[in-house]
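Undergrad: Line by line, the protein sequences give chains C and H.
Residue numbers for the first sequence, in this note's numbering: 6 to 372.
Residue numbers for the second sequence, in this note's numbering: 6 to 372.
Where is the CB? At the ideal position from N, CA and C, for every residue including glycine.
Predicted model only: the values in this text are computed from it and were never measured.
Number of protein chains: 2
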Amino acid sequence: GFYFHYWALFDGHAGSGAAVMASERLHLHICEQLRDLVEILQDPSPPPICLPHDTKTGSADPNQMSYAEDHGEVPNEAVPRFHLEKAVSHESLVIGAIENAFKHMDDQIERERASQHLPGGCCALAAIYLMGKFYVANAGDSRAIIIRNGEIIPMSREFTPETERQRLQFLALLRPELLGKEFTHLEFPRRIQPKELGKKMLYRDQNMNGWAYKKIEEDDLKFPLIFGEGKKARMMATIGVTRGLGDHDLKVFSSNIHIKPFLSCFPEVRVYDLTQYEHCPDDVLVLGTDGLWDVTNDKEVAGVVMEVLTSYEPNDPCRYTMVAQELVVRSRGVLKERGWRLANDKLGSGDDISVFVIPLGGPGNYT
Amino acid sequence: GFYFHYWALFDGHAGSGAAVMASERLHLHICEQLRDLVEILQDPSPPPICLPHDTKTGSADPNQMSYAEDHGEVPNEAVPRFHLEKAVSHESLVIGAIENAFKHMDDQIERERASQHLPGGCCALAAIYLMGKFYVANAGDSRAIIIRNGEIIPMSREFTPETERQRLQFLALLRPELLGKEFTHLEFPRRIQPKELGKKMLYRDQNMNGWAYKKIEEDDLKFPLIFGEGKKARMMATIGVTRGLGDHDLKVFSSNIHIKPFLSCFPEVRVYDLTQYEHCPDDVLVLGTDGLWDVTNDKEVAGVVMEVLTSYEPNDPCRYTMVAQELVVRSRGVLKERGWRLANDKLGSGDDISVFVIPLGGPGNYT
Numbered sequence: 006g007f008y009f010h011y012w013a014l015f016d017g018h019a020g021s022g023a024a025v026m027a028s029e030r031l032h033l034h035i036c037e038q039l040r041d042l043v044e045i046l047q048d049p050s051p052p053p054i055c056l057p058h059d060t061k062t063g064s065a066d067p068n069q070m071s072y073a074e075d076h077g078e079v080p081n082e083a084v085p086r087f088h089l090e091k092a093v094s095h096e097s098l099v100i101g102a103i104e105n106a107f108k109h110m111d112d113q114i115e116r117e118r119a120s121q122h123l124p125g126g127c128c129a130l131a132a133i134y135l136m137g138k139f140y141v142a143n144a145g146d147s148r149a150i151i152i153r154n155g156e157i158i159p160m161s162r163e164f165t166p167e168t169e170r171q172r173l174q175f176l177a178l179l180r181p182e183l184l185g186k187e188f189t190h191l192e193f194p195r196r197i198q199p200k201e202l203g204k205k206m207l208y209r210d211q212n213m214n215g216w217a218y219k220k221i222e223e224d225d226l227k228f229p230l231i232f233g234e235g236k237k238a239r240m241m242a243t244i245g246v247t248r249g250l251g252d253h254d255l256k257v258f259s260s261n262i263h264i265k266p267f268l269s270c271f272p273e274v275r276v277y278d279l280t281q282y283e284h285c286p287d288d289v290l291v292l293g294t295d296g297l298w299d300v301t302n303d304k305e306v307a308g309v310v311m312e313v314l315t316s317y318e319p320n321d322p323c324r325y326t327m328v329a330q331e332l333v334v335r336s337r338g339v340l341k342e343r344g345w346r347l348a349n350d351k352l353g354s355g356d357d358i359s360v361f362v363i364p365l366g367g368p369g370n371y372t
Numbered sequence: 006g007f008y009f010h011y012w013a014l015f016d017g018h019a020g021s022g023a024a025v026m027a028s029e030r031l032h033l034h035i036c037e038q039l040r041d042l043v044e045i046l047q048d049p050s051p052p053p054i055c056l057p058h059d060t061k062t063g064s065a066d067p068n069q070m071s072y073a074e075d076h077g078e079v080p081n082e083a084v085p086r087f088h089l090e091k092a093v094s095h096e097s098l099v100i101g102a103i104e105n106a107f108k109h110m111d112d113q114i115e116r117e118r119a120s121q122h123l124p125g126g127c128c129a130l131a132a133i134y135l136m137g138k139f140y141v142a143n144a145g146d147s148r149a150i151i152i153r154n155g156e157i158i159p160m161s162r163e164f165t166p167e168t169e170r171q172r173l174q175f176l177a178l179l180r181p182e183l184l185g186k187e188f189t190h191l192e193f194p195r196r197i198q199p200k201e202l203g204k205k206m207l208y209r210d211q212n213m214n215g216w217a218y219k220k221i222e223e224d225d226l227k228f229p230l231i232f233g234e235g236k237k238a239r240m241m242a243t244i245g246v247t248r249g250l251g252d253h254d255l256k257v258f259s260s261n262i263h264i265k266p267f268l269s270c271f272p273e274v275r276v277y278d279l280t281q282y283e284h285c286p287d288d289v290l291v292l293g294t295d296g297l298w299d300v301t302n303d304k305e306v307a308g309v310v311m312e313v314l315t316s317y318e319p320n321d322p323c324r325y326t327m328v329a330q331e332l333v334v335r336s337r338g339v340l341k342e343r344g345w346r347l348a349n350d351k352l353g354s355g356d357d358i359s360v361f362v363i364p365l366g367g368p369g370n371y372t
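#1: Residues in its own chain within less than 7 Å of H:Gly366 by CB, not counting five upstream and five downstream?
#2: Looking at C-alpha atoms only, which residue of C:Leu226, C:Met160, C:Gly20 and C:His34 is the closest neighbour of C:Cys127?
#3: For a cutoff of 8 Å on Cβ pairs, would you count H:Arg248 as touching chain C?
#4: Using only CA atoms, which one of C:Ser97, C:Cys36, C:Gly17 and C:Gly22 lies nearest to C:Ile54?
#5: What in chain C is Cβ-close to H:Gly233, meaning under 7 Å?
#6: Just reading off the beta strand (DSSP E) that H:Gly293 is part of, what are its end residues?
#7: Within the 8 Å Cβ cut-off, does C:Glu117 reach chain H?
#8: On the three-pair Cβ rule with 8 Å, is the region 295-309 of chain C touching the region 250-265 of chain C?
#9: Between the region 97-121 of chain H and chain C, which residues of the former have CB atoms less than 8 Å from a CB of the latter, in chain order?
#10: Who are the near neighbours of H:Phe361 in its chain, counting only those whose CB is closer than 6 Å to its CB and skipping five residues on each side?
#11: Enumerate in chain order the residues of its own chain whose CB-to-CB distance from C:Ile100 is below 6 Å, with the five nearest sequence positions on each side excluded.
#12: Can you pull the chain C neighbours of H:Ala27, defined as C-beta to C-beta under 9 Å?
#13: So, C:Leu207 versus H:Val309, is the Cβ gap smaller than 8 Å?
#14: Excluding the 5 residues preceding and the 5 following H:Ile358 in the sequence, name in chain order all residues of the same chain whose CB lies nearer than 7 Å to its CB.
#15: Between H:Arg196, H:Ile157, H:Lys220 and H:Ser354, which has its C-alpha nearest H:Val306's C-alpha?
#16: Rounded to whole angstroms, what's the CA-CA distance from H:Gly17 to H:Ala238? Just pull it up for me.
#17: Would you say C:Phe271 lies against chain H (beta-carbon separation less than 8 Å)?
#18: For C:Asp146 and C:Lys227, what's the separation of their Cα atoms in angstroms?
#19: Checking 8 Å against the spacing of the C-beta atoms, do H:Val141 and H:Ala129 come in under that value?
#20: Between the region 216-228 of chain C and chain H, which residues of the former have a C-beta closer than 7 Å to a C-beta of the latter?
#21: Under a three-way DSSP split, which group does H:Arg196 fall into?
#22: Name, going along the chain, the residues of the region 123-147 of chain C whose beta-carbon falls closer than 9 Å to a beta-carbon of chain H.
#23: Would you grab the beta carbon distance between C:Phe107 and C:Ala144 for me? Rounded to a whole angstrom, and I think it's under 8 Å.
#24: Strictly by DSSP, which residues pair up with H:Lys219?
#25: Is H:Arg180 close to chain C, meaning its C-beta is less than 8 Å from at least one C-beta of that chain?
#26: Pick out whichever of H:Ile262, H:Lys205, H:Arg30 and H:Glu44 has its Cα sitting closest to the Cα of C:Pro52.
#27: Starting from the C-beta of C:Lys153, find all residues in its chain whose C-beta is less than 6 Å away, skip the five residues before and the five after it, and write them out in chain order.
#28: The region 153-165 of chain H: which residues have C-beta closer than 7 Å to a C-beta of chain C, in chain order?
#29: Going along the chain, which residues of its own chain have a beta-carbon closer than 7 Å to the beta-carbon of H:Thr165, five neighbours each way excluded?
#30: Using CA coordinates, which residue listed in H:Ile231, H:Thr243, H:Met241 and H:Leu191 is at the minimum distance from H:Glu223?
#31: What is the DSSP secondary structure of H:Asn212, counted as helix, strand or coil?
#32: Check each residue of the region 33-52 of chain C: if its Cβ is closer than 8 Å to any Cβ of chain H, include it; give the result in chain order.
#33: Using a Cβ-Cβ distance cut-off of 8 Å, determine whether C:Glu169 contacts chain H.
#34: For the region 176-190 of chain H against the region 253-269 of chain H, are there 3 or more C-beta pairs whose distance is under 8 Å?
#35: If contact means a Cβ-Cβ distance below 7 Å, which residues of the region 254-265 of chain C contact chain H?
#36: Tell me the DSSP secondary structure of H:Glu3 in three-state form.
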């Protein structure tokens with residue numbers, strides 16, 4: 006077998022149940038998905054496209070394996086009979102395993118939400134270190150960046166009504182029944198008033214990135230599927246994130262319209278190969294919830310990381326915890342007469358703030 | 006009014022009709038879309054969200070306009086009544102105009118394909134210079150890059166079964182009737198044989214970027230919607246590009262399954278602001294069909310551009326044409342005993358090759 010390192014942030018909403026359960030179980034689902042791949046991942050040859058009948062995934066017939074090796078021949082099953090056969094990397098198997106682990110986690114929350122009393126949902130950001138590589142999986146609006154030699158390397162992107170607009174509009178167009186006659190799949194820059202019928206208004210649909218004018222029709226008076234801007238953007242006037250775990254019971258206020266069909270539990274997984282670069286003790290992976298990133302940009306975070314790390318000895322194991330603590334404290338701000346204020350006098354984060362600072366090199370490295 | 010500069014490449018397939026018609030008409034559709042925006046684009050204030058009743062788009066009531074200007078007040082219609090109102094830029098109106106022009110072009114081909122005898126379809130790559138900015142619109146597998154001071158700036162991406170896999174799989178999942186019982190929306194690394202039923206095989210679906218094993222079921226024996234790799238990747242075993250104009254009659258071989266629902270006529274539009282940088286006569290925008298890019302990468306193209314340009318006087322208007330010619334000649338290669346060969350002895354392009362080299366600065370610039 007082999008082991009992996011794992012860190013994860015779960016930022017709950019509408020109750021803590023889903024977040025707590027995911028924090029207790031997601032790594033078990035990842036374990037389960039990876040367990041089937043142990044032999045395949047440890048074998049340097051490309052993963053088999055097809056596994057023998059009735060065999061547990063990953064445990065190919067050892068006799069057949071050694072036959073191939075001993076005689077310099079490939080077993081009949083492995084002869085490429087097909088003109089087109091796509092090569093699949095070990096890395097993409099790990100990505101697939103993590104993707105499916107998120108799906109299984111979401112399914113478990115769905116199954117057990119009534120008996121275990123698991124209200125709400127959560128964004129999930131997980132970092133998995135396995136065989137020399139970091140896999141950063143993000144479903145929601147948390148964010149991960151690597152700071153290496155002062156340089157910022159984004160390791161995730163946020164999934165919100167704005168960034169996923171076209172996916173959501175496309176689904177709404179193809180499955181209009183999910184909108185319950187309350188919403189239109191078109192986006193407008195603001196609500197339309199009934200008296201504006203017949204006027205021309207800016208809109209965009211699932212195919213457009215730009216805007217154009219259209220004559221307002223009856224159907225356009227419905228509420229837009231995606232509405233608002235930045236942190237205020239909402240899907241179906243309800244939720245500001247479009248990926249995550251849970252939310253199976255979430256409905257549009259005072260309606261029977263479910264939100265879940267539009268939410269995706271699948272993460273985007275980005276890979277960082279730790280072996281491709283010599284890392285120093287000041288190189289870190291930072292994971293933070295939106296409470297951090299709403300008031301602190303990547304550059305400011307990198308600044309705090311470098312400032313705090315240099316004030317500790319390179320082999321002091323506390324230094325990374327101190328960075329995380331400092332990032333939280335600075336993003337929260339200080340209570341003044343006019344509310345919580347940052348050092349630059351801007352408003353501090355009123356949201357919950359969780360941060361991991363994970364060293365990539367130095368004494369406690371992964372080799 | 007105002008004028009715009011325009012260049013476009015149309016790479017036809019399955020007949021030249023659609024490509025020829027698009028080359029004769031796309032700019033007229035762009036003209037038509039922009040005409041409605043003339044006044045709005047020339048007015049430095051943000052575009053109006055809503056236009057007055059029964060007015061031609063873009064021609065607001067001049068009395069009302071001057072009233073607002075004269076009295077330092079905004080007319081009643083423009084008072085922001087809404088808490089949330091999204092700002093829309095002039096640039097995004099031009100993008101929307103170009104997107105809709107492609108749609109109107111495609112609709113025209115659909116309408117006139119029978120009477121005008123317009124078989125086939127085409128990829129379309131258009132560059133529009135308007136009010137200080139280049140808008141590069143791409144639908145298909147042509148490519149545009151800017152070479153500025155030796156640096157390469159990508160101005161498009163290719164739309165193929167591989168790059169658009171998830172969009173196509175998502176549509177197939179939601180509209181399985183479009184697959185005509187012949188195809189599965191899942192991707193497999195190769196065809197599955199009936200005798201492999203029950204074995205485990207690698208697959209990925211619309212949510213996945215990685216790969217995982219699944220037990221092969223009856224339905225998986227259908228042909229995969231997306232199949233093959235690189236230049237050999239095909240959608241429904243038929244077509245290697247997933248955006249473009251035309252193809253309204255294209256069907257899967259010896260079947261009644263239409264390809265068109267999966268193709269998008271909408272381009273991705275990228276914007277380059279020419280005013281943000283001082284351009285020299287050696288800075289160019291290169292547009293090329295896949296015949297060029299299949300055998301010549303961005304860096305090699307940049308090398309040829311710089312090599313040829315330095316061999317001509319900076320004010321010689323022929324120099325850009327000579328670059329384009331040289332790029333075509335070098336990608337075609339030279340006929341040797343073992344076929345058409347490039348300078349590096351690799352196989353030359355057997356495809357059609359069209360190239361534009363457009364100067365961004367120097368004597369004949371756009372001011």
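TA: Taking the coordinates as given:
#1: His284, Cys285, Pro286 and Asp288
#2: C:Gly20
#3: no
#4: C:Ser97
#5: Leu89
#6: Val289 to Gly293
#7: no
#8: no
#9: Ser97, Leu98, Val99, Ile100, Gly101, Ala102, Ile103, Glu104, Asn105 and Lys108
#10: Trp12 and Leu292
#11: Val274
#12: Those within 9 Å of H:Ala27 in chain C number zero; the least Cβ separation is about 18 Å.
#13: no
#14: Thr294, Gly296, Leu297, Val333, Ser336 and Arg337
#15: H:Ile157
#16: 18 Å
#17: yes
#18: 27 Å
#19: no
#20: Trp216, Ala217 and Tyr218
#21: coil
#22: none
#23: 6 Å
#24: H:Met206
#25: yes
#26: H:Lys205
#27: Contrary to the premise, residue 153 of chain C reads as Arg rather than Lys in this sequence. Around C:Arg153: Asp288.
#28: none
#29: Asp146, Ala238, Gly245, Val246 and Thr247
#30: H:Leu191
#31: coil
#32: Gln38, Asp41 and Pro52
#33: no
#34: yes
#35: none
#36: Because chain H spans 6 through 372 in this model, residue 3 of chain H falls outside it and cannot be assessed.
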